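Asker:
In my numbering, the protein residues as written are 60 to 312.
1) Tell me the rounded alpha-carbon separation between residue 305 and residue 294.
2) Give the secondary structure of residue 87 by DSSP, where H, G and I count as helix, E and B as strand, and everything else as coil.
3) When DSSP labels each residue in this structure, what does residue 171 get in the three-state scheme?
4) With distances taken between CB atoms, is the gap from residue 67 to residue 174 smaller than 8 Å?
5) Go ahead and pull the three-state DSSP assignment for residue 223.
6) Beta carbon of residue 206, beta carbon of residue 252: below 8 Å?
7) DSSP state of residue 236, grouped into three classes?
8) So what does DSSP say about residue 212, is it helix, strand or coil?
9) When DSSP labels each residue in this structure, what does residue 188 get in the three-state scheme?
10) Could you check what DSSP says for residue 292 in three-state terms: helix, strand or coil?
11) Please go through the same chain and pick out, in chain order, the residues whose beta-carbon is closer than 7 Å to the beta-carbon of residue 254, but skip the five residues on each side of it.
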């Protein structure tokens with residue numbers, strides 16, 4: 060219980076510090092970087108309150124690979140290369156509060172969702188014994204999810220260098236409008252599987268809800284505004300997250 064309370068407090072404190080950095084640098088994406096690092100820190104807190112084991116050490120390596128990769132990607136592309144992310148503009152436009160108040164409350168909501176996301180690690184660190192089969196399966200699923208996410212990010216990056224069509228439909232993007240989201244869900248399913256506790260499914264389910272009903276729609280609204288009918292057609296022919304189009308196209312062959 061102490062670990063849960065401490066991790067929740069640190070999640071809100073981390074987002075409070077992120078808000079302070081936002082006020083200085085005016086970069087809303089700071090919260091996204093804090094999200095990746097914060098969840099990894101949360102997992103570390105649960106680890107410190109648990110009885111260490113080689114299996115837990117290995118799983119901690121995986122969560123930090125995930126967190127540092129995502130944080131580094133966001134920093135490099137959203138801050139260093141100044142890729143524009145219109146999601147926060149949409150959130151501010153819809154709010155009746157000032158921009159500062161809106162961002163502050165948004166960050167604190169993210170802190171709570173971050174805590175929910177990290178609950179899988181509470182169950183992992185309270186698991187007494189890990190089977191080799193579950194560790195191998197969860198590691199393979201993690202690597203598949205991470206590979207999909209990295210490949211999708213790189214394909215979108217290459218497309219943006221020389222966009223020959225209004226909408227990116229190369230590689231994985233022809234099967235899913237957000238293949239990186241799909242990869243992320245697989246990663247969190249791998250963590251839930253490693254815990255061998257059905258309650259840990261709250262983490263990937265929370266992630267799916269965020270992507271399906273918050274992040275995804277905000278991102279796609281901006282795409283429709285900039286790409287018009289081309290993106291609307293893309294929505295009609297390509298699933299939002301799960302690439303079932305890949306399997307249906309194979310069956311048709």
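Don't be surprised by glycine CBs; every beta carbon is placed ideally from N, CA and C. A quick note: this is a predicted structure, and the numbers were derived from the prediction, not measured.
Answerer: Concretely, from the data shown:
1) Roughly 15 Å separates the two Cα atoms.
2) Coil at residue 87, not helix or strand.
3) Under the three-state reduction of DSSP, residue 171 is assigned to helix.
4) The answer is yes: Cβ separation under 8 Å.
5) Coil at residue 223, not helix or strand.
6) Not closer than 8 Å, so no.
7) Residue 236: coil per DSSP, three-state reduction.
8) Reduced to three states, the DSSP call for residue 212 is helix.
9) The answer is coil: DSSP assigns residue 188 none of H, G, I, E or B.
10) In the three-state scheme derived from DSSP, where H, G and I count as helix and E and B as strand, residue 292 is classed as helix.
11) Taking C-beta separations shorter than 7 Å and ignoring five residues to either side along the sequence, the partners of residue 254 in its chain run 179, 182, 183, 186, following chain order.
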